[in-house]
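Numbering (this note's numbering), first residue to last: 13 to 562. Virtual Cβ for every residue (Gly too), placed ideally from N, Cα, C. To start, the structure under review is shown below, and the notes come after it.
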């Protein structure tokens, strides 16, 4: 399905069209909608609506045993990312550079001033302590989020027919049953002069986008979410960041787009890093909106014959508000990661090269692990990348720690230029480790890739359905053979474990078992299209088509 960025862009495009009295056909009440949109406090109604039932993924009452722990990883990974980022911000080389600038010595002079040496020793000592703590955390993070990550084997939704009554997730029921009926009920119940109507209009954009977007994502993944869940999530995350960058010029991760979903929003937004965030990040659904959603769910899904009640548990306005608040926390973490200072350019001096060579000679075990991981990654067409990334992350941090120790031991013999370069090199090693960690969790589908990762070759297949994956297959390779089942190898060897960790980064092979009823999956035009073409083009409509969709 389209991810949150594409849904947001589609709703924002509609907002602009409404202000020009277009986008909803000739019979829409544009003056009323324009009057509502002129007050920016009402914008969150439209944008929360455009995310549709996706917000109810975070209805914690639907999560069964084991699922809660798995889903919690979506938060924990961003907590780890923030902790990693804070560590790097405390180790930037600027304090060292400032101390050297204050000394006023020439670049080729050895530092002899005792006060400056003491200050530098303290600064590098602090850097070492921070790096040691980071290394301890990374051991757990690498296993949890990269090499031993298996959340998509656990996180399944009970949306298949035949599940016990009342055990569907509302997230799924609203997507797969009575979808058009529910959207129409929202439009009918929300007064046209109320911001509640903006929510209903936003919700309608979600249904529309899913209708035309699901086929694209399904053929890009070799099957629907139920069979290809990790590939779906990884591809959607990449497409969100790529398409948002192409469409707006901004990195989704740093966009602060979450403010548009905050019901304290009035058009004012504080700059990144401000201690007093505006709007206030404690936000709740307006009570009348939470009530509208809960009551409409109950009315639409609680009507009909006695057998027509196989959906979700009883849901209240409080449940809907709790789901929204949990969703908002996740969205804020995902779109407000901030920006780390990029490494400062430097030139290696002879004495620093000597220190570097000495420290790297003491990293035999890390060097062997890194070499083995890179060899593994190079032995297969696409497998082994996660092992290689894990090794790169750990090796960079270990090298930084060793380099700090080497610098502290040679501080009285290094020149000003050498110390400057050393501080910059330490930060560069840790900065690269952070970027590699972000790439690893993005490949696993657990977090959005960053702007810096958009050119990663393994992601290229998600830009266009005609682009090949690392094995040379594309969407057309499976034309008429969808949906493919998830590939499973017999257990019992290291290759099986490696394959199952990374198979989502390639299309399923043509000889993979197919579900009993095969389908084409999408119109022919979808098999040679970039990943946002369906979002903004005109869709030819007819009454018959509208009736079918509703």
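| Check | Outcome |
| --- | --- |
| Of the residues 51, 230 and 19, which one's Cα is nearest the Cα of residue 532? | 230 |
| From the DSSP output, read off the bridge partner residues of residue 246. | Answer is none; residue 246 lacks a bridge partner. |
| Just to confirm my understanding: we take residue 392, look at its own chain, exclude 5 residues before and 5 after, and list those with CB closer than 6 Å. What are they? | Only weak support exists for where residue 392 lies, its pLDDT of 46 falling under 50; the coordinates are left without a value. |
| Which residue marks the beginning of the alpha helix (DSSP H) containing residue 201, and which one marks its end? | 191-201 |
| Grouping DSSP H, G and I as helix and E and B as strand, with all else coil, what is residue 525? | coil |
| Can you tell me whether residue 495 is helix, strand or coil according to DSSP? | strand |
| From residue 590 to residue 183, what distance separates their C-alpha atoms? | Limits of the chain in this structure are 13 at one end and 562 at the other, which puts residue 590 out of reach. |
| Who are the Cβ neighbours of residue 402 in its own chain at under 6 Å, not counting the five residues just before and after it? | 154, 158 and 159 |
| With C-beta atoms as the reference, is residue 112 less than 9 Å away from residue 128? | yes |
| Would residue 475 pass as a contact of residue 366 if the rule is Cβ separation under 9 Å? | no |
| Using DSSP's beta-bridge definition, name the partner residues of residue 542. | 476 |
| Any contact of the region 32-47 with the region 180-195, i.e. 3+ C-beta pairs under 8 Å? | no |
| If you check the beta carbons only, do residue 197 and residue 99 fall under 9 Å apart? | no |
| Roughly how many angstroms lie between the CA atoms of residue 546 and residue 560, to the nearest whole one? | 19 Å |
| Throw me the rounded Cβ distance for the residue 400 and residue 441 pair, which I believe falls under 8 Å. | Not quite, the Cβ-Cβ distance comes to about 17 Å (not below 8 Å), so this is no contact. |
| For residue 263, count neighbouring C-beta atoms within 10 Å of its own C-beta (all shown protein chains included) and say buried if the count is 16 or more, exposed if not. | buried |
| Enumerated in chain order, which unbroken segments of the beta strand (DSSP E) with a length of 3 residues or greater are wholly contained in the region 330-380? | none |
| With DSSP run on the structure shown, which of helix, strand or coil describes residue 25? | helix |
| Using DSSP's beta-bridge definition, name the partner residues of residue 427. | 122 |
| Use the C-beta contact count for residue 74: other C-beta atoms within 10 angstroms, 16 or more gives buried, fewer gives exposed. | buried |
| Between the region 452-463 and the region 241-259, are three or more C-beta pairs nearer than 8 Å? | yes |
| Straight-line CA distance for residue 56 to residue 299? | 14 Å |
| Roughly how many whole angstroms lie between the Cα atoms of residue 556 and residue 355? | 58 Å |
| Taking residue 309 as part of the alpha helix (DSSP H), name the residues at either end of that continuous run. | 299-313 |
| What did DSSP end up calling residue 223 once you bin it into helix, strand or coil? | helix |
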